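Only one structure is covered here, and it is reproduced in the block below.
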Amino acid sequence: MSRILNLVKTHYNKAASMCNLNPKVYDILAQPKNEIKMNFPVKLSDNSLKVFSGFRVQHNDILGPYKGGLRFFPNVSLDESSALASWMTLKCSLQGLPFGGGKGGLDINPNDYNEEDLQRITRAFARELYPYIGNHKDIPAPDVGTNAQIMDWMVDEYNVLSGNDPLKSNMKSVFTGKSIEMGGSQGREEATGRGVALNIIEWSKNKNIELKGKSFIVQGFGNVGYYTSSILSSLGMSLIGVGDHTGYLHSSEGFNVHKLKKHNDLNKSLEGYGAGKKISKEEFFKIETDIVIPAALELQIGKEEAENMKCQLVVEAANGPIDTEGDEILLEKGVDIIPDILANSGGVEVSYYEWLQNKSDEYWSKDKVQVKLENKMMKTFDEVYILAKTMNCDLRTASYIHALRRLEKNYLRRGI
């Protein structure tokens, strides 16, 4: 079993045992419903032909259609997609959404291709996905390495394939995370980062901690890392460490988040930024700070990193950034962890709003989206926090239990 699947199983088993999950429900949720692998050729702009490998894992649909992102990233695999799809099932259940969990992607580095070839590859992938997706079947969204433009191409290809089929009407709602022009929602771009920040705010209220003057570090400075940092900085907090695959920086005085983003957008790298000291990844996790926000990829914080960390709170803006050893060590040290299925669920929450808007041909203002998101994030956090206190467990286990109970209730009501 891969490390990431083992991570999912470990957390799942702990929560299932603590809440006495029905054995039949346990068996159903322990494995995905469908695992789809596709290999397909694409003729590129230089007339060469290349075969690409794509995946889609549909974990569970008891609550509604499968929902989850598509990654364009090297080494995307069935194991990774399966783990991420199961997290999506839990994430949607935790937030009370009418969705199940799905995930997938292409084993590809999008930076290796020009725009024309990337569009060809994306459209070919959409053709392969076509039989398996639909606005009441499986609703993909962006993830690592994909964005609104990728979703727009997929919507258009789905539209071409559907033709005038009345059973496949309202094509816009088959994908979320689209551009505004193609039916995307206001507030979707920053939704995940905003959700992360809202969880931190609600945590501070419950702990009676003043955020102003506190420091934080962020691993990953893409959409999620930037918007989280921007909101926290606006509250008077200081970003003193930042890093990604291009390098790591530390500044005890704090970084200007917007200048850092401008540099990163222009250079596609943190390398060469004029402020701060260049440090290693190992040194990054040794920075003494109040809050650590891993917002990059899975399995970034293991035994060594956890032992070196000096913080009050870790917020999983990424999916599965802490391995099982790291998790145990941090909890033993008394560090609070806001888990991924709670912390980064703002993205799927606003994807739900986008889906609703597309289905009803409505367009909500950014203010309406943000107010709804804030109310939902804070309500769910408070429910999890109270459950953790009641059951004397950590926030991750409480989040899993909350999600599993809703899934269990749905199965039992159906006589399973």
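To convert, count from 1 in the sequence shown and add 118; that's the numbering used here. Beta carbons: idealized from backbone N, C-alpha and C, even for Gly. Remember, predicted model here, so these are calculated numbers, not experimental data.
query: Given cysteine 210, which residues of its chain have a CB within under 7 Å of its CB, disregarding the five upstream and five downstream residues?; result: Leu181, Lys185, Phe217, Gly218, Gly219, Val466
query: Mind checking tyrosine 531: buried by the 16 CB within 10 Å criterion, or exposed?; result: Position check: residue 531 holds arginine in this sequence, whereas tyrosine was assumed. Exposed: under 16 other Cβ atoms inside 10 Å.
query: Taking its Cβ as the centre, do 16 or more other Cβ atoms sit within 10 Å of alanine 414, making it buried, or is it exposed?; result: buried
query: Are there 16 or more other CB atoms within 10 angstroms of the CB of glutamine 149, so buried, or fewer, so exposed?; result: exposed
query: Output the boundary residues of the beta strand (DSSP E) element that contains glycine 189.; result: The question names glycine, yet the displayed sequence has arginine at residue 189. That run of the beta strand (DSSP E) goes 184-191.
query: Only counting the same chain, and skipping five residues up and downstream in sequence, which positions put a Cβ closer than 7 Å to that of glutamate 406?; result: Lys428
query: Determine the extent of the alpha helix (DSSP H) in which serine 351 is found, giving its start and end residues.; result: 341-352
query: Decide if the region 193-200 is in contact with the region 168-179; the criterion is three or more beta carbon pairs, one per stretch, under 8 Å apart.; result: yes
query: What are the boundary residues of the beta strand (DSSP E) that includes glutamate 153?; result: 152-161
query: In this structure, how does DSSP classify isoleucine 257 when only helix, strand and coil are distinguished?; result: strand
query: Using beta-carbon positions only, say whether alanine 315 and isoleucine 268 come within less than 8 Å of one another.; result: no
query: Could you tell me if proline 258 is buried or exposed, where buried requires 16 or more neighbouring beta carbons within 10 angstroms of its beta carbon?; result: buried
query: Straight-line CA distance for serine 135 to tyrosine 529?; result: 18 Å
query: Would you mind reading off the limits of the beta strand (DSSP E) that contains histidine 177?; result: 167-178
query: What residues in its chain sit with their C-beta under 7 Å from that of glutamate 526, if we drop five residues either side in the sequence?; result: Leu139, Asn140, Val143
query: Mapping DSSP to helix, strand and coil, what is valine 360?; result: strand
query: Work out the CA separation of serine 463 and serine 483 for me, nearest whole Å.; result: 20 Å
query: Under 7 Å Cβ to Cβ from glycine 394, same chain only, skipping five residues before and after it: list those, please.; result: Leu367, His368, Ser369, Phe373
query: Reducing DSSP to helix, strand and coil, say where leucine 139 ends up.; result: coil
query: Kindly list the residues whose CB is nearer than 7 Å to the CB of glutamate 198, restricted to its own chain and excluding five residues on each side of it in sequence; keep chain order.; result: Ile122
query: Assuming the contact rule is C-beta atoms closer than 8 Å, leucine 208 and threonine 442 should be a hit. Round their C-beta distance to whole Å, please.; result: Not really, about 17 Å apart at Cβ, beyond 8 Å.
query: Select from Pro457, Tyr503, Glu416 the residue whose C-alpha is nearest the C-alpha of serine 120.; result: Glu416
query: As a quick exercise: from His129, Pro183, Pro412, Asn232, pick the residue whose alpha carbon is nearest that of alanine 201.; result: His129
query: If we ignore side chains and look at the alpha-carbon of each, how far apart do glutamate 275 and tyrosine 248 end up?; result: 9 Å
query: State yes or no: is the C-beta of valine 160 within less than 8 Å of the C-beta of isoleucine 239?; result: yes
query: Cα separation between isoleucine 397 and isoleucine 327?; result: 30 Å
query: Count the other C-beta atoms from every protein chain shown that fall within 10 angstroms of the C-beta of leucine 384, then say buried if there are 16 or more, exposed otherwise.; result: exposed
query: Output needed for leucine 353: all residues of its chain with C-beta closer than 7 Å, excluding positions within five of it in sequence on either side, in chain order.; result: Leu329, Lys330
query: Under the assumption that glycine 187 contacts aspartate 261 (Cβ atoms under 8 Å), give the Cβ distance between them as a whole number of angstroms.; result: 3 Å
query: At which residues does the alpha helix (DSSP H) containing tyrosine 529 begin and terminate?; result: 513-531
query: Assign tyrosine 481 to one of two classes, buried (16 or more other C-beta atoms within 10 Å of its C-beta) or exposed (fewer than that).; result: exposed
query: So lysine 477 is in the beta strand (DSSP E); what residue range does that whole segment cover?; result: It is not in any beta strand (DSSP E) - lysine 477 instead sits in the alpha helix (DSSP H) that spans 464-478.
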